[in-house]
Amino acid sequence: NHIASNVYMMLLLMFFMNMMPIHIHHHHPLCLWMDKYIIPNNRTYVTNKSKVYNKNMSLNENMTSIMYGSLLGKSNMQKYTKGTNMSFYMESSHSDYLLYFHNLITNLGYCNYNMPKLGTRLGRKGKMFKVLQLNTLMYEQFNDMYDKWYVNGMKGMPRDMNIYTTPLAIAMWIMNNGIKSGKSMMLYTNHFTYDELLLLTNVLYNKYGIKTMIKNNYIMIKEESMMLLRDMVKPYIMKSMKYRMEV
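The structure is reproduced here in structure tokens:
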């Protein structure tokens, strides 16, 4: 297992080196950020969902941002008797993003080295499409986050979005559910009410000065705020998705 995990990490390293710009200084914000996620390969991972991993580990600040941004998109949480885990999925055409994402949370210690699983999901009008899915390990520390995001098993938006809507969280949301629309951007928010979307748009404006508009089931970033948004999240956006931030 140790040899296999080392081989896997070498392949991931080669993959991400190919994605990054050739002329990038070690002190570039993206390099500094990625350095935070590199951990020694001496950790024992629990893969059995009936067990709770590392009860004494506090929830990492960056992992909290990653989870908040992902929960604004397609991700979900599942709560069990002994703890909670989180699931992420992405259409197979965007497999590079899920591998990027898997690398981040694995190096933070919240996921094992197993590759994301290929499956199918039922889409609109009964159409089936291929997806890649991964699950985190189960943690008691995730219970509080589940209770913030879910009421009677239904996902909603917590009231502390002003605290955890960080640039990293917004970047994860963009890579999950962002679509370039002309010189603006649409961020899909299928699961939330109008009042919840209003809360989020107020956070974006009051905290970062980003002007938005609510349209049906998505939030549109106004053209005049795209440059501001791009500069804020660009250290965290993977190379293959930077086209979404072009202005």
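Count the sequence shown with full-length UniProt numbering and you get residues 1 to 247, in order.
Don't be surprised by glycine CBs; every beta carbon is placed ideally from N, CA and C.
Exercise for review: Report the rounded CA-to-CA distance for residue 81 versus residue 137, giving the unit in angstroms.
Suggested key: Within the sequence shown, numbered from 1, the residue matching residue 81 stands at position 81. Within the sequence shown, numbered from 1, the residue matching residue 137 stands at position 137. Approximately 14 Å between the Cα atoms of the pair.
Point to revise | Buried/exposed call for residue 243, threshold 16 Cβ in 10 Å | key: Position 243 of the sequence shown, counted from the first residue, corresponds to residue 243. So residue 243 counts as exposed.
Review point. Apart from the five residues on each side of it in sequence, which residues of its chain come closer than 7 Å, Cβ to Cβ, to residue 84?
Key: As a working note, residue 84 is residue 84 in the sequence shown. Annotation for residue 84: 77, 78, 138, 139, 142, 143, 146 place their beta carbon closer than 7 Å to its own, counting only its chain and skipping 5 residues before and after.
Exercise for review: Give me the Cα-Cα distance between residue 222 and residue 206, rounded to the nearest whole angstrom.
Suggested key: Within the sequence shown, the letter at position 222 stands for residue 222. Within the sequence shown, the letter at position 206 stands for residue 206. Roughly 15 Å separates the two Cα atoms.
Point to revise | contact_flag[the stretch 97-104, the stretch 194-210] where n(CB pairs < 8 Å) is 3 or more | key: no
Exercise for review: Can you tell me the Cβ-Cβ gap for residue 70 and residue 172, rounded? I've got them flagged as a contact below 8 Å.
Suggested key: The residue you call residue 70 lines up with position 70 of the sequence shown. The residue you call residue 172 lines up with position 172 of the sequence shown. At roughly 5 Å, the Cβ-Cβ gap stays under 8 Å, so residue 70 and residue 172 are in contact.
Check your understanding: Between the C-alpha atoms of residue 185 and residue 228, what's the straight-line distance to the nearest angstrom?
Key -> As a first step, residue 185 must be located in the sequence shown, where it is residue number 185. As a first step, residue 228 must be located in the sequence shown, where it is residue number 228. Cα-Cα distance, rounded: 13 Å.
Point to revise | Span of the beta strand (DSSP E), counted from its first residue to its last, around residue 85 | key: Taking the first residue of the sequence shown as position 1, residue 85 is located at position 85. First-last of the beta strand (DSSP E) with residue 85: 84-91.
**Study point:** Selected residue, minimal CA-CA separation from residue 241, among 209, 192, 224, 179
**Key:** Here residue 241 refers to the residue found at position 241 of the sequence shown. Of 209, 192, 224, 179, the residue nearest in Cα terms is 179.
Check your understanding: residue 76 lies in the beta strand (DSSP E); which residues open and close that run?
Key -> Residue 76 sits at position 76 when you count from the first residue of the sequence shown. Start and end: 76-79.
Check your understanding: Using CA coordinates, which residue listed in 61, 215, 127, 73 is at the minimum distance from residue 155?
Key -> Indexing the sequence shown from 1 puts residue 155 at position 155. Per the Cα distances, 73.
Review point. Thinking C-alpha only, which one of 167, 215, 210, 209 is nearest residue 190?
Key: On the sequence shown, position 190 is the one that residue 190 refers to. When each option's Cα is compared against that of residue 190, the closest is 215.
Review point. For residue 187, which option in 224, 103, 213, 75 has the closest C-alpha, if you only look at C-alpha atoms?
Key: Your numbering for residue 187 matches position 187 in the sequence shown. Residue 213 is the option with its Cα nearest to residue 187.
Check your understanding: Rounded C-beta distance between residue 64 and residue 208? I'm assuming under 8 Å.
Key -> In the sequence shown, residue 64 corresponds to position 64, counting from 1. In the sequence shown, residue 208 corresponds to position 208, counting from 1. Not quite, the Cβ-Cβ distance comes to about 18 Å (not below 8 Å), so this is no contact.
Review point. The beta strand (DSSP E) with residue 165 in it runs from where to where?
Key: One-based indexing of the sequence shown puts residue 165 at position 165. Element bounds for residue 165: n/a, residue is neither H nor E.
Review point. From this set, 66, 160, 150, which residue's C-alpha is nearest residue 200's C-alpha?
Key: Taking the first residue of the sequence shown as 1, we reach residue 200 at position 200. Residue 160 is the option with its Cα nearest to residue 200.
Exercise for review: Using beta-carbon positions only, say whether residue 117 and residue 104 come within less than 9 Å of one another.
Suggested key: On the sequence shown, residue 117 is found 117 positions in, with the first residue counted as 1. On the sequence shown, residue 104 is found 104 positions in, with the first residue counted as 1. Cβ distance not < 9 Å, so residue 117 and residue 104 don't count as in contact.
Practice item. Have a look at residue 109 and residue 75 and give me their C-alpha separation to the nearest angstrom. Key: By one-based count along the sequence shown, residue 109 stands at place 109. By one-based count along the sequence shown, residue 75 stands at place 75. Roughly 18 Å separates the two Cα atoms.
Check your understanding: Could you check where the alpha helix (DSSP H) with residue 105 kicks off and where it finishes?
Key -> Position 105 of the sequence shown, counted from the start, is the residue given in the question as residue 105. From DSSP, the alpha helix (DSSP H) with residue 105 extends over 95-107.
Exercise for review: Within 10 angstroms of the Cβ of residue 128, are there 16 or more other Cβ atoms? Answer buried if so, exposed if not.
Suggested key: Numbered from 1 along the sequence shown, position 128 holds the residue referred to as residue 128. Exposed is the call here.
**Study point:** Where residue 67 falls: helix, strand or coil (DSSP)
**Key:** Here residue 67 refers to the residue found at position 67 of the sequence shown. Three-state DSSP puts residue 67 in a helix.
Review point. Which value, in whole angstroms, describes the spacing of the CA atoms of residue 150 and residue 130?
Key: As a first step, residue 150 must be located in the sequence shown, where it is residue number 150. As a first step, residue 130 must be located in the sequence shown, where it is residue number 130. Residue 150 and residue 130: Cα-Cα distance of roughly 27 Å.
Review point. Can you round the beta-carbon distance between residue 238 and residue 157 to whole angstroms, since I take them to be within the 8 Å contact cut?
Key: Residue mapping note: residue 238 aligns to position 238 of the sequence shown, counting from 1. Residue mapping note: residue 157 aligns to position 157 of the sequence shown, counting from 1. With 8 Å as the limit, residue 238 and residue 157 do not qualify as a contact, their Cβ atoms being about 25 Å apart.
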